[in-house]
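For reference, the structure discussed in these notes is given below.
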Amino acid sequence: MPANAPAKNPPEERLVNLVVALMATDQGLTKDTILTSVAGYREQSEAGASKDALEKMFERDKESLRGLGIPIETIGDWADPDDLREARYRVPSAEYELPEDIEFTPAELALLNLAGGVWSESSMSDDARSGLRKIRALGIPVDEPIIGFSPRISLRDPSFPALQQAIEQSRIVSFPYLKPGEESPRTRRVQPLALVEYEARWHVFGIDVEAGGDRTFLLARIVGPVVVTREAFDPVLREGAGDRALRGLDEVAERSTSLLEVNPGTEAALRLARRASAAEQGIRVPYVDIHIFADELASYGPEVRVVEPAELRDQVIARLTAARDLNGARS
Amino acid sequence: MSARRPLVATDRAALMLQLVPYLIGKGEVSIAEAADEFDVTPDQMRAMVEKLTVIGLPGDGGYWQMSNDLFDIDWDLLDQQELIVITNTVGLERSPRLTAREAAALLAGLQLARTIPGVGDTDLFTGLLAKLARGASSTPAEVIVAPGPVDTVRDTVAAALRRGVAVSFTYKAPDAPPTTRTVDPIKVHIADGQWYLQGWCHLREAMRTFHLDRVSRLELTDIAITHGGEPAPGWFEPGEGDVVARIRFPATVAPLIGDYLDRATLETSDGITVAAMHVADEFSLRRLAARRGGDVEILEPSASRRAAAEWADAGLDQYR
Numbered sequence: 324m325p326a327n328a329p330a331k332n333p334p335e336e337r338l339v340n341l342v343v344a345l346m347a348t349d350q351g352l353t354k355d356t357i358l359t360s361v362a363g364y365r366e367q368s369e370a371g372a373s374k375d376a377l378e379k380m381f382e383r384d385k386e387s388l389r390g391l392g393i394p395i396e397t398i399g400d401w402a403d404p405d406d407l408r409e410a411r412y413r414v415p416s417a418e419y420e421l422p423e424d425i426e427f428t429p430a431e432l433a434l435l436n437l438a439g440g441v442w443s444e445s446s447m448s449d450d451a452r453s454g455l456r457k458i459r460a461l462g463i464p465v466d467e468p469i470i471g472f473s474p475r476i477s478l479r480d481p482s483f484p485a486l487q488q489a490i491e492q493s494r495i496v497s498f499p500y501l502k503p504g505e506e507s508p509r510t511r512r513v514q515p516l517a518l519v520e521y522e523a524r525w526h527v528f529g530i531d532v533e534a535g536g537d538r539t540f541l542l543a544r545i546v547g548p549v550v551v552t553r554e555a556f557d558p559v560l561r562e563g564a565g566d567r568a569l570r571g572l573d574e575v576a577e578r579s580t581s582l583l584e585v586n587p588g589t590e591a592a593l594r595l596a597r598r599a600s601a602a603e604q605g606i607r608v609p610y611v612d613i614h615i616f617a618d619e620l621a622s623y624g625p626e627v628r629v630v631e632p633a634e635l636r637d638q639v640i641a642r643l644t645a646a647r648d649l650n651g652a653r654s
Numbered sequence: 089m090s091a092r093r094p095l096v097a098t099d100r101a102a103l104m105l106q107l108v109p110y111l112i113g114k115g116e117v118s119i120a121e122a123a124d125e126f127d128v129t130p131d132q133m134r135a136m137v138e139k140l141t142v143i144g145l146p147g148d149g150g151y152w153q154m155s156n157d158l159f160d161i162d163w164d165l166l167d168q169q170e171l172i173v174i175t176n177t178v179g180l181e182r183s184p185r186l187t188a189r190e191a192a193a194l195l196a197g198l199q200l201a202r203t204i205p206g207v208g209d210t211d212l213f214t215g216l217l218a219k220l221a222r223g224a225s226s227t228p229a230e231v232i233v234a235p236g237p238v239d240t241v242r243d244t245v246a247a248a249l250r251r252g253v254a255v256s257f258t259y260k261a262p263d264a265p266p267t268t269r270t271v272d273p274i275k276v277h278i279a280d281g282q283w284y285l286q287g288w289c290h291l292r293e294a295m296r297t298f299h300l301d302r303v304s305r306l307e308l309t310d311i312a313i314t315h316g317g318e319p320a321p322g323w324f325e326p327g328e329g330d331v332v333a334r335i336r337f338p339a340t341v342a343p344l345i346g347d348y349l350d351r352a353t354l355e356t357s358d359g360i361t362v363a364a365m366h367v368a369d370e371f372s373l374r375r376l377a378a379r380r381g382g383d384v385e386i387l388e389p390s391a392s393r394r395a396a397a398e399w400a401d402a403g404l405d406q407y408r
């Protein structure tokens, strides 16, 4: 739209006008009233825009605002709730506003400021900042900022936003998933329940529709777009899913423990120490993903030797062999 | 501050809904400060404020709205002193609820903050989690950040930061002999589950960053820190060195190579990438080559390539 077209108001003005109008009414406004009186629609009504086009615009605006979390209520006909011709619309302020009884102490606000800053460049960083702004606008004094710590979470997986949206809406997703060692990806259909960062990698926890059981997928292995289907599932399934996912990962780590011998004082000894427990000969280190752990162990070269399990040892040997051969003398 | 990405109409509407309560809370605020708070440019902030004054309650019977049905600001203050003061409101006075996503982003951040020793107690966190959940417009997607193990090294560093005293410790950088350091702690960076201490190193007389997993025998000293005000340079200084290396790998593997590529020059053709980068010495890339066994080939220098082959071979020797 050219800058010098004053006849048409910018859509954000219309959206905000609509919120103000819908909040100012208790009994609700009909669509007709909205289209002829709310600024943004009114001018276009008066300029002779078709009713059909205006109604479509109103539908889109409603969806946009609901996307922002604004609760637009539809009050239908008492006798026939499906008849929306005389429906009235309103935004109940109790559901729009941050509840009056929610107050934040200065210490809480300082902590939230720290928590809101953890996301590096990502949509989550914008969301955190926007959430903080809403809370800061309550005019709460803040304690001295918490200095000395700069916690960061990185989010490089492109599949994250779509999965998050699907969880919010309790809808089934499908995505191509490439398991290490397999030639090509397989499409998975999943009821996604929680996103979990575990040992610096993002996972989606959910119910695999075909397999019919809880599964945890590594986002780094989702090799194509995540499709959010129209198929919904019962949101009750989401309750406590995060705890279930964490328990599951912890159980995997407990079941899969390696026995390693490390050379003291080396990088391997230092980096593994925090996760290790002492064994009679060497150390025991749990892991959740054999491929990722084998990557790490291979990088330590002669600093670590895998005693068991055999599968882990074989994987490390395979990496070392390939690295040696690829970087060997040129033939 | 996050990067300023282009805003769509819905984003701008969301900002305006937040702007009214913010301005009321502030009473009087400069354009610059408000722009900073909202991550927009001062010009965008001015435009938002001006736009606000044409917004108001619906007009009656086709008439334009009366002025007291519209938001209004003190125009003189805006024009002459770049100050924003809202003088009439017609709604939106209180902050909107958090969206599910905003709540999720803060909730996940809190889980990470919770792992820091001495920052907030359990009651504080529990209270905040409940408030955020109640302040959201719909149930946020669960985004969980699993806490990593916190050991005495981390506890002690946190204590040193609180008390403002130096710490002494043994540091073992990869492929280098251990050294004993005394450091004025400035900041702890936590990234990808790894903890790094940034501080003024008395031995090197400069700012240095230490990976806490490589720190041992850490002790508090009673030396008060003297370099707390030193400017902290970018905390990561990767790829600094005199050796220019070139590595080759399938382009699809690039995300798995990570930091190494941050300052590399990349050339990709037919799905194969060649990256050129500065590294500290010929040993720098051998761990990467082994980690990505068979995917990363070191092209030059030949000493680097040889080191990678020998490293892998020495690892294999253990299994013969």
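In order, the protein sequences belong to chains V and E.
Just remember that the numbering used here sits 323 ahead of the position in the first sequence, which is counted from 1.
Just remember that the numbering used here sits 88 ahead of the position in the second sequence, which is counted from 1.
Even glycine gets a Cβ: it sits at the ideal position worked out from N, Cα and C.
The alpha-carbon of residue 113 of chain E is positioned some 16 Å away from that of residue 160 of chain E.
Annotation for residue 313 of chain E: no alpha helix (DSSP H) segment contains it, and DSSP assigns it neither H nor E. In this structure, the CA atom of residue 179 of chain E is about 26 Å from the CA atom of residue 465 of chain V. At least one CB of chain E lies nearer than 8 Å to the CB of residue 427 of chain V. In this structure, the CA atom of residue 330 of chain E is about 26 Å from the CA atom of residue 401 of chain E.
The stretch 157-176 of chain E makes contact with the stretch 119-131 of chain E, as at least three CB pairs between them are under 8 Å. Below 8 Å, too few C-beta pairs join the stretch 447-466 of chain V and the stretch 509-516 of chain V to call them touching: fewer than three. With contact defined as three or more Cβ pairs closer than 8 Å, the stretch 586-602 of chain V and the stretch 610-627 of chain V are in contact.
Interface residue (Cβ-Cβ distance to chain V less than 8 Å): residue 288 of chain E is not classified as such. Within 8 Å of the CB of residue 104 of chain E, the CB atoms of chain V belong to 335, 339, in sequence order along the chain. If one requires a minimum length of 4 residues, the alpha helix (DSSP H) runs lying completely within the stretch 542-595 of chain V are 564-578, in chain order. For residue 288 of chain E, the enclosing beta strand (DSSP E) begins and ends at 282-289.
Bounds of the alpha helix (DSSP H) holding residue 109 of chain E are 97-114.
Every unbroken stretch of the beta strand (DSSP E) spanning 3 or more residues and falling wholly within the stretch 455-539 of chain V is given here in chain order: 472-475, 494-500, 509-521, 524-531.
Chain-ordered, the chain V residues with CB closer than 8 Å to the CB of residue 126 of chain E read 456. When secondary structure is reduced to three states using DSSP, residue 352 of chain V falls in the strand class. Contact check between the stretch 358-370 of chain V and the stretch 127-138 of chain E: fewer than three CB pairs, one atom from each, fall below 8 Å, which does not count as touching. Not flagged as an interface residue toward chain V: residue 372 of chain E, since no C-beta distance is shorter than 8 Å. Of the candidates E:406, E:407, E:394, E:394 places its Cα closest to the Cα of residue 647 of chain V. In this structure, residue 188 of chain E sits near residue 229 of chain E, with a CB-CB distance shorter than 8 Å. Taking the Cα positions, residue 437 of chain V is about 47 Å away from residue 355 of chain V. In this structure, residue 624 of chain V sits near residue 403 of chain E, with a CB-CB distance shorter than 8 Å. For residue 615 of chain V, the enclosing alpha helix (DSSP H) starts and ends at 613-622.
In the DSSP assignment, residue 356 of chain E forms a beta bridge with E:361. Between the stretch 557-576 of chain V and the stretch 230-237 of chain E there are three or more inter-stretch CB-CB distances shorter than 8 Å, so the stretches are counted as touching.
Annotation: residue 184 of chain E to residue 342 of chain V spans about 11 Å, alpha carbon to alpha carbon.
Look at residue 330 of chain E here: in three-state DSSP terms it is coil, with no helix or strand label. Boundaries of the beta strand (DSSP E) harbouring residue 387 of chain E: 385-388, taken from the DSSP string.
Counting only the Cα atoms, residue 359 of chain E lies some 46 Å from residue 221 of chain E.
DSSP places residue 631 of chain V inside the beta strand (DSSP E), whose first and last residues are 627-631. Note that the stretch 279-294 of chain E touches the stretch 259-271 of chain E; at least 3 beta-carbon pairs, one per stretch, sit closer than 8 Å. A direct Cα-Cα distance of roughly 10 Å separates residue 629 of chain V from residue 606 of chain V. Between residue 471 of chain V and residue 411 of chain V, the gap from beta carbon to beta carbon reaches 8 Å or more.
For residue 269 of chain E, the enclosing beta strand (DSSP E) has its first and last residue at 267-279. Leaving aside the five residues that flank residue 571 of chain V on each side, the residues in its chain whose CB is nearer than 8 Å to its CB run, in chain order, 528, 537, 539. Per the coordinates, the alpha-carbon of residue 390 of chain V lies some 14 Å from the alpha-carbon of residue 414 of chain V.
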